[in-house]
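Residue numbers (our numbering), protein chains in the order written: chain A, 1 to 113; chain B, 1001 to 1114. Even for Gly, the Cβ is constructed at its ideal location relative to N, Cα and C. In this text, all values refer to a predicted model and were calculated from it rather than measured experimentally. Here the structure is laid out as structure tokens; the discussion comes afterwards.
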Amino acid sequence: DTGVSQNPRHKITKRGQNVTFRCDPISEHNRLYWYRQTLGQGPEFLTYFQNEAQLEKSRLLSDRFSAERPKGSFSTLEIQRTEQGDSAMYLCASRTQVTDTQYFGPGTRLTVL
Amino acid sequence: AQSVAQPEDQVNVAEGNPLTVKCTYSVSGNPYLFWYVQYPNRGLQFLLKYITGDNLVKGSYGFEAEFNKSQTSFHLKKPSALVSDSALYFCAVPYGGSQGNLIFGKGTKLSVKP
């Protein structure tokens, strides 16, 4: 049990709708990462936070994507105007600043119809 | 640029036999290497990591990995496979040193038959 939780676990939406996912990291972990995993591929980095600051964003994170971590605890990932290509598993991971191991949540599987 | 490669899409072994899942790496500086496992419709679970020191790293569920600098490899091994080991295995390297986001291989599907 890694302790990272994600909600919802599954989301089905229609193209053009907005969706929001939530990640609750392990409580003492100040670094939080978002990844996207498509079928048959390894996870790809999207963005990461140290406390409430968003320190890095991948080029995969288009303008339709936004992530927040307002109080340095939980984080949300929003996708606006979803497209079928956004269908994927969205994974959240957390770690402390000192240790180097990221612990992953169970993921949110998004299906865009 | 940091990268890892997993040359096999799938590995099939019989229960009780030893298993090896291959990973090769390309990194600048000291390598930090990780193995994760993913069961169907689940997130990734950490298995083990190499930071420095002993080339044979022991991890969870009886898995171990051997770091080989001359061959730039970090193969995952287990002496005796279980059916429950059937899953997707990912090798990963952090971008820009130990502090960065992880760069994953494409994954290797391990199938253990009774």
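Here K1069 of chain B is exposed. Its C-beta has fewer than 16 other C-beta atoms within 10 Å. Here the alpha carbon of K1109 of chain B sits roughly 22 Å from the alpha carbon of P1094 of chain B. Cα atoms of L77 of chain A and S1060 of chain B: separation of roughly 31 Å, rounded to the nearest angstrom. It is roughly 42 Å from the alpha-carbon of I79 of chain A to the alpha-carbon of L1056 of chain B. Using a CB distance cut-off of 8 Å, Q102 of chain A counts as an interface residue toward chain B. Beta-bridge analysis with DSSP links H1075 of chain B to B:E1066.
Following the DSSP letters along the chain, one finds Q54 of chain A inside the beta strand (DSSP E) bounded by residues A53 to K57. Contact annotation for P25 of chain A against chain B: no contact, minimum CB-CB distance about 13 Å [criterion: below 8 Å]. Put simply, the CB of Q41 of chain A is near chain B, with a gap under 8 Å to one of its CB atoms. Interface annotation for the region 1074-1091 of chain B against chain A: F1090, criterion Cβ-Cβ distance under 8 Å. DSSP places S1003 of chain B inside the beta strand (DSSP E), whose first and last residues are S1003 to A1005.
For K1106 of chain B, the closest C-alpha among the options A:R15, A:L39 and A:D24 is that of A:L39.
Ranked by how close their Cα comes to the Cα of F1046 of chain B, the residues B:E1064, B:A1001 and B:N1017 have B:E1064 in first place.
For L1033 of chain B, DSSP records a beta bridge to B:Y1050. Contact between A88 of chain A and R36 of chain A holds: their C-beta atoms lie close to 5 Å from each other, under 8 Å.
Excluding sequence positions up to five before and after Q97 of chain A, its CB lies within less than 8 Å of the CB of N30, R31 and Q50, all in the same chain and listed in chain order.
L55 of chain A has its alpha-carbon roughly 27 Å from the corresponding atom of K11 of chain A.
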